[in-house]
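J.: Here it is, the structure in full.
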Amino acid sequence: MFDITPQDPSLLEDGVRFKTILVAGGAGMVGANLIQTLLAQGHRVICLDNLQTGTMANINLFKSDPRYRFVRHDVVRPIKISEPIDEIYDLACAASPPSYQKDPIHTFRTCIDGAMNLLTLAKAKGARVLLSSTSEVYGDPDVSLQSEDCRGRVNTCGPRACYDDGKRAAETLFWEFGAHQGVETRIARIFNSYGPRMHPDDGRVVSNFIMQALRGEDLTICGDGTQTRSFCYVDDLVDGLIRLMASTQKMPVNLGNPGEFTMLELANEVIRKTGARSRLVFWPLPQDDPRHRRPDITRAAEVLGWAPKVPLDQGLDQTIAWFAAGMQAEKPRTQRKGILVPS
Ligand code: NAD
Ligand code: UDP
């Protein structure tokens, strides 16, 4: 398809051709970290985002790079890009429950119309396209370890349905375009991920606990705190997404860290690491909040040679340090002292 000569300016040093990669949702936590890696690998990147939950602060550092450009656009509307595109990452969708529940119909449309528009673009460009689906397709599962064969237990008429069923329908669209429309599709089922560039106030448990501890506020535990989640550090996730995009695997692949923690364990760990004097306060458990989340990553290991490398202990240190640095930078110069950083 490509005419590559030794003088081709599109060749990287190792002889690999660089690609033009569209990252929809690139101003968010996962997207901005992915873009940083793709640019470091020598690729050209178009970041497309409506800035609903993502921020310019997450992507400002890329703007001086001539291989990068930003397009402000909502994926529910048709997408027109003039240049050739090799790969598309569909990361566009608010990931935090409070954010995606603010405008549930828009969230549903983001998942479905957004997937349709990006798949249509992929077909027109001959591009490979990857969906950031979610462990939420498993709903509140009966089994504590979720493999890709798990069919899920999702409430279609609850507050999480706009996201859970939106992503399920997006998977169906991706599978159909892959099976019958000749598009190279990939589906990542991402489990709870965290790290630098999370929005400090987006309501997810990791950012909530860290910001509450750093501000000296009480940590808000929903329910009795015995529900579990498995937390994947964003660098590991980015590595998994890039490997999946490069693979031949068309069926969904779980990407997550199998280390499983209760919310009580997470809260106590954040308090210990920050040295905060915060107490735990208990709030009602939100409706349809899943009891367990733990990925079976056998398929990712077999087909991608992937496993997460960063344990929660280490990832929390880096994330706390990042949030603390952000708080310090926001303070007037005279007040820049006393921020709690991990030991
Ligand atoms: P995020 O909220 O930080 O980023 C999402 C980005 O998408 C933001 O920049 C937002 O402005 C943009 N966006 C939202 N709706 C859009 C629209 N209609 N048009 C254009 N842009 C839009 O979330 P994240 O943690 O970076 O997650 C990225 C993707 O991964 C999401 O699709 C999410 O569903 C999926 N995912 C994330 C997790 C996780 O734990 N982080 C888990 C499962 C799945
Ligand atoms: N949670 C909590 N305190 C908070 C925010 C969330 O105890 O301040 C709980 C929430 O009820 C859920 C878990 O932490 O059981 C993970 O929530 P998050 O919103 O991060 O992700 P998701 O529910 O989508 O897995």
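First residue of the sequence shown: 3, per the working numbering; consecutive thereafter.
Cβ coordinates follow ideal geometry from the N, Cα and C atoms, glycine included.
For Phe-72, which residues does DSSP report across the bridge?
T.: To locate residue 72, count along the sequence shown from 1; it is residue 70. Looking at the DSSP assignment, Phe-72 forms a beta bridge with Cys-49.
J.: Are there any heavy atoms of the ligand NAD lying less than 8 Å away from the beta-carbon of Ala-117, as far as the coordinates show?
T.: If you number the sequence shown from 1, residue 117 lands on position 115. No, Cβ of Ala-117 sits at least 8 Å from all heavy atoms of the ligand NAD.
J.: Determine the contact status of Gly-317 and Gly-197, defining contact as a CB-CB distance below 9 Å.
T.: Working through the sequence shown from its first residue, we reach residue 317 at position 315. Working through the sequence shown from its first residue, we reach residue 197 at position 195. Yes, the Cβ-Cβ distance between Gly-317 and Gly-197 is below 9 Å.
J.: Whose CA, out of Arg-188, Ala-269 and Gly-261, lies closest to the CA of Glu-89?
T.: For the purposes of this step, residue 89 is identified with residue 87 of the sequence shown, where counting begins at 1. The candidate whose alpha carbon is nearest that of Glu-89 is Arg-188.
J.: I need the straight-line Cα distance from Met-31 to Asn-194, nearest angstrom please.
T.: Residue numbering aside, residue 31 sits at position 29 when the sequence shown is read from its first letter. Residue numbering aside, residue 194 sits at position 192 when the sequence shown is read from its first letter. Taking the straight line joining both Cα atoms gives about 12 Å.
J.: For Asn-1, which of helix, strand or coil comes out of DSSP?
T.: With the chain covering only 3 through 345, there is no way to say anything about residue 1.
J.: Alpha carbon to alpha carbon, how far is Ser-135 from Asp-315?
T.: One-based indexing of the sequence shown puts residue 135 at position 133. One-based indexing of the sequence shown puts residue 315 at position 313. Roughly 26 Å between the two C-alpha positions.
J.: Tell me which residues share the same chain as Leu-306 and place their Cβ nearer than 8 Å to its Cβ, disregarding the 5 neighbours each side in the sequence.
T.: If you number the sequence shown from 1, residue 306 lands on position 304. Excluding sequence neighbours, Leu-306 sits near Gly-242, Arg-245, Leu-246, Ser-249, Gln-251 and Val-255.
J.: Is it the case that the CB of Thr-276 approaches a heavy atom of the ligand SAH more closely than 8 Å?
T.: Summarising the ligand content, the structure contains the ligand NAD and the ligand UDP and does not contain the ligand SAH.
J.: Can you tell me the Cα-Cα spacing of Asp-76 and Pro-100, whole angstroms?
T.: For the purposes of this step, residue 76 is taken as residue 74 along the sequence shown, with counting starting at 1. For the purposes of this step, residue 100 is taken as residue 98 along the sequence shown, with counting starting at 1. Those two C-alpha atoms are separated by around 19 Å.
J.: Taking buried to mean at least 16 other C-beta atoms within 10 Å of its own C-beta, is Ala-269 buried or exposed?
T.: Sequence index remark: in the sequence shown, residue 269 carries index 267 (1-based). Ala-269 is buried by the Cβ-count criterion.
J.: Please go through the segment 224 to 281 and give each complete beta strand (DSSP E) segment of 3 or more residues, from N-terminal end onward.
T.: Segments of the beta strand (DSSP E) lying fully in the segment 224 to 281: 230 to 232, 255 to 257 and 262 to 264.
J.: For Arg-295, which three-state DSSP category applies?
T.: By one-based count along the sequence shown, residue 295 stands at place 293. Looking at Arg-295 - three-state DSSP - the assignment turns out to be coil, as it is neither helix nor strand.
J.: Taking the alpha-carbon positions, what's the Cys-224 to Ala-323 distance?
T.: Numbered from its first residue, the sequence shown carries residue 224 at position 222. Numbered from its first residue, the sequence shown carries residue 323 at position 321. Rounded to the nearest angstrom, the two C-alpha atoms are 25 Å apart.
J.: In terms of residues, what are the limits of the beta strand (DSSP E) holding His-135?
T.: Within the sequence shown, residue 135 is the residue found at index 133, counting from 1. Checking the sequence shown, residue 135 turns out to be Ser, not His. Counting along the chain, the beta strand (DSSP E) containing Ser-135 begins and ends at 130 to 136.
J.: Kindly list the residues whose CB is nearer than 6 Å to the CB of Pro-106, restricted to its own chain and excluding five residues on each side of it in sequence; keep chain order.
T.: For the purposes of this step, residue 106 is identified with residue 104 of the sequence shown, where counting begins at 1. Cys-164.
J.: Around the C-beta of Trp-1, are 16 or more other C-beta atoms found within 10 angstroms, so that it is buried, or is it exposed?
T.: Summary: the structure shown does not reach residue 1, with the chain confined to residues 3 through 345, and so no result is reported for it.
J.: With a 10 Å radius around its C-beta and 16 neighbouring C-beta atoms as the bar for buried, classify Met-200 as buried or exposed.
T.: Start at 1 with the first residue of the sequence shown, and residue 200 comes out as number 198. Buried, because 16 or more other Cβ atoms sit within 10 Å of the Cβ of Met-200.
J.: Buried or exposed: Asp-238, going by 16 or more other Cβ atoms within 10 Å of its Cβ?
T.: What you label residue 238 is simply residue 236 of the sequence shown in a count that begins at 1. The residue in question, Asp-238, is buried, as its Cβ has 16 or more Cβ neighbours within 10 Å.
J.: Is Ile-192 near the ligand NAD, judged by its Cβ being under 8 Å from some heavy atom?
T.: Within the sequence shown, numbered from 1, the residue matching residue 192 stands at position 190. True, at least one ligand heavy atom lies under 8 Å from that Cβ.
J.: Could you tell me the distance, in whole angstroms, from the CA atom of Gln-289 to the CA atom of Asn-157?
T.: Your numbering for residue 289 matches position 287 in the sequence shown. Your numbering for residue 157 matches position 155 in the sequence shown. Spanning the two alpha carbons is a distance of roughly 10 Å.
J.: Between which two residues does the beta strand (DSSP E) holding Ile-23 run?
T.: On the sequence shown, position 21 is the one that residue 23 refers to. Here the beta strand (DSSP E) through Ile-23 covers 22 to 26.
J.: Which residue's Cα is closest to the Cα of Val-348: Ser-66, Asn-119 and Gln-320?
T.: With the chain covering only 3 through 345, there is no way to say anything about residue 348.
J.: Once you ignore the five residues that flank Gln-229 on each side, which residues in its own chain have a CB closer than 8 Å to its CB?
T.: In the sequence shown, residue 229 corresponds to position 227, counting from 1. Result list for Gln-229: Thr-264, Met-265, Leu-287, Asp-291, Pro-292, Arg-293 and His-294, in chain order.
J.: Can the beta-carbon of Val-73 be found closer than 9 Å to that of Ala-124?
T.: As a working mapping, residue 73 is identified with position 71 in the sequence shown. As a working mapping, residue 124 is identified with position 122 in the sequence shown. Their beta carbons are not under 9 Å apart, which means Val-73 does not touch Ala-124 by this criterion.
J.: Going by the DSSP bridge assignment, what does Gln-148 pair with across the sheet?
T.: Position 146 of the sequence shown, counted from the first residue, corresponds to residue 148. BP columns for Gln-148 point to Pro-297.
J.: Given a cut-off of 9 Å on the beta-carbon distance, is the pair Arg-153 and Asp-142 in contact?
T.: Along the sequence shown, read from residue 1 onward, the residue named residue 153 stands at position 151. Along the sequence shown, read from residue 1 onward, the residue named residue 142 stands at position 140. No.
J.: Taking the alpha carbon of Trp-285 as the point to measure from, which residue in Tyr-70, Arg-296 and Val-207 has its own alpha carbon closest?
T.: The sequence position of residue 285 within the sequence shown is 283, counting from 1. Of the listed residues, the one whose Cα sits closest to Trp-285 is Val-207.
J.: Which residues does DSSP list as the beta-bridge partners of Leu-2?
T.: There is no way to answer for residue 2, as the model of the chain reaches only from 3 to 345.
J.: Give the range of the beta strand (DSSP E) segment to which Glu-186 is assigned.
T.: As a working note, residue 186 is residue 184 in the sequence shown. Unbroken run through Glu-186: none, as it is neither H nor E.
J.: Is it right to say Ser-98 is buried, meaning 16 or more other beta carbons lie within 10 angstroms of its own, or is it exposed?
T.: The residue labelled residue 98 in the question sits at position 96 within the sequence shown. Looking at its Cβ environment, which holds 16 or more other Cβ atoms inside 10 Å, Ser-98 is buried.
J.: Nearest by alpha-carbon distance to Asp-203: which of Thr-55, Arg-274 and Glu-173 is it?
T.: The residue given as residue 203 occupies position 201 in the sequence shown. Answer by Cα proximity: Thr-55.
J.: Beta-carbon separation of Ser-209 and Phe-325 under 9 Å?
T.: Here residue 209 is taken as the residue at index 207 of the sequence shown, counted from 1. Here residue 325 is taken as the residue at index 323 of the sequence shown, counted from 1. For Ser-209 and Phe-325, yes; Cβs fall inside 9 Å.
J.: Count the other CB atoms, across all protein chains shown, that sit within 10 Å of the CB of Arg-301; report buried if there are 16 or more and exposed otherwise.
T.: For the purposes of this step, residue 301 is taken as the residue at position 299 of the sequence shown. Buried, by the Cβ-count rule.
J.: In whole angstroms, what is the alpha-carbon distance linking Glu-173 and Tyr-140?
T.: Reading the sequence shown from its first residue, position 171 is the one you call residue 173. Reading the sequence shown from its first residue, position 138 is the one you call residue 140. If I take the Cα positions, the gap works out to 13 Å.
J.: Between the alpha carbons of Val-145 and Pro-297, how many angstroms are there, rounded?
T.: Here residue 145 corresponds to residue number 143 of the sequence shown, with the count starting at 1. Here residue 297 corresponds to residue number 295 of the sequence shown, with the count starting at 1. Distance between the alpha carbons of Val-145 and Pro-297 is about 11 Å.
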